[in-house]
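Structure record follows, encoded as structure tokens.
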Amino acid sequence: MSEHYQVLARKYRPHTFNEMVGQTHTVKTLINALDANNLHHGFLFTGTRGVGKTTIARIFAKSINCEQGVSSKPCGTCATCIEIDQGQSVDLIELDAASHTGVDNMRDILENAQYMPTKNRYKIYLIDEVHMLSKSSFNALLKTLEEPPEHIKFLLATTDPQKLPVTVLSRCLQFTLQKLTHEEILGQLKFIMETEGFEYEELALSQIADFGNGSMRDA
Numbered sequence: 022m023s024e025h026y027q028v029l030a031r032k033y034r035p036h037t038f039n040e041m042v043g044q045t046h047t048v049k050t051l052i053n054a055l056d057a058n059n060l061h062h063g064f065l066f067t068g069t070r071g072v073g074k075t076t077i078a079r080i081f082a083k084s085i086n087c088e089q090g091v092s093s094k095p096c097g098t099c100a101t102c103i104e105i106d107q108g109q110s111v112d113l114i115e116l117d118a119a120s121h122t123g124v125d126n127m128r129d130i131l132e133n134a135q136y137m138p139t140k141n142r143y144k145i146y147l148i149d150e151v152h153m154l155s156k157s158s159f160n161a162l163l164k165t166l167e168e169p170p171e172h173i174k175f176l177l178a179t180t181d182p183q184k185l186p187v188t189v190l191s192r193c194l195q196f197t198l199q200k201l202t203h204e205e206i207l208g209q210l211k212f213i214m215e216t217e218g219f220e221y222e223e224l225a226l227s228q229i230a231d232f233g234n235g236s237m238r239d240a
């Protein structure tokens, strides 16, 4: 993947629910929960790669920790929102279970969930590819999910929900993110090209959208 592509991918990653491409049902449900301040302690986002699982989770994290208050429209300008956008929030702990498989400190990190947030409203654990956790890590996660402290939120993402223990599945609100349609991907590609001032051929862009196979990232 070229450096220029990575820069564009970061530049056009959605920062608000309104900027999300597709996933209308999931976005609407989360917006309703936020506006009613009806927040579950565990959320599980499932779906193939590149459909927005971690992006939605980060927007949700901003929504519940924004310094302006819990809202489906985080301000995006307070220190907390900026830190989350830049991946520097001390109270948003992002973990990739695929690269921490069997590592003891993953269990230790989860066992530290009992401690209060450093500066924000909630301490948030965003665990990607959560199905890759070791057995001991799952036990630590389950222990917290069974008796969650009020200051903790778990945002879990996975491409393989069938590999998760039923005990974890039953304690999370589940959202299945769909593959993006050809039209959704094509529309976003056109938006990026036009915003960047690039010339493009409609047919070529349409073929790129097809190659994405439902994934904005792959397109």
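For the sequence shown, the positions run 22 to 240 when our numbering is used. Every residue gets a Cβ at the ideal spot worked out from N, C-alpha and C, and that includes glycine.
Roughly how many whole angstroms lie between the Cα atoms of histidine 203 and glutamine 135? 44 Å
So, for glutamate 18: in the same chain, excluding its five sequence neighbours on each side, which residues have a beta-carbon less than 6 Å away from its beta-carbon? Any property of residue 18 remains undetermined from this structure, which presents the chain solely from 22 to 240.
Any beta-carbon of chain B closer than 7 Å to the one on lysine 144? Of the chains in the structure shown, none is chain B; there is only one protein chain.
Helix, strand or coil at threonine 50 according to DSSP, with G and I counted as helix: helix
Distance check for leucine 163 and alanine 30, CA to CA, integer angstroms please. 34 Å
Just to confirm, is the Cβ distance from valine 91 to asparagine 58 under 7 Å? yes
What number of angstroms, rounded off, separates the C-alpha of alanine 225 from the C-alpha of arginine 34? 22 Å
Go ahead and pull the three-state DSSP assignment for leucine 147. strand
Run the CB neighbour count on aspartate 231, radius 10 Å, all protein chains shown included, and call it buried at 16 or more, exposed below. exposed
Can you list the beta strand (DSSP E) stretches of 3 or more residues lying completely in the segment 133-180, in chain order? 144-149 and 173-179
Alpha-carbon to alpha-carbon, isoleucine 173 and valine 111: 13 Å
Among Gln209, Lys49, Leu131 and Lys211, nearest to asparagine 160 - alpha-carbon criterion: Leu131
Backbone CA spacing between valine 42 and glutamate 205 [nearest angstrom]: 7 Å
Since I believe glutamate 115 is in contact with leucine 147 (beta carbons under 8 Å), could you give me their beta-carbon distance rounded to a whole number of angstroms? 5 Å
Please return the same chain residues whose Cβ sits closer than 7 Å to the Cβ of serine 158, not counting the five positions on each side in sequence. Met127, Arg128 and Leu131
Taking only heavy atoms of the ligand SAH into account, decide whether any of them is closer than 6 Å to the Cβ of leucine 163. By its list of ligands, the structure shown contains no ligand whatsoever, and the ligand SAH lies outside what it can speak to.
Minimum length 4: unbroken alpha helix (DSSP H) runs contained in the segment 193-222: 203-217
Option in Ser155, Leu113, Val28 and Lys200 with minimal Cα separation from glutamine 44: Lys200
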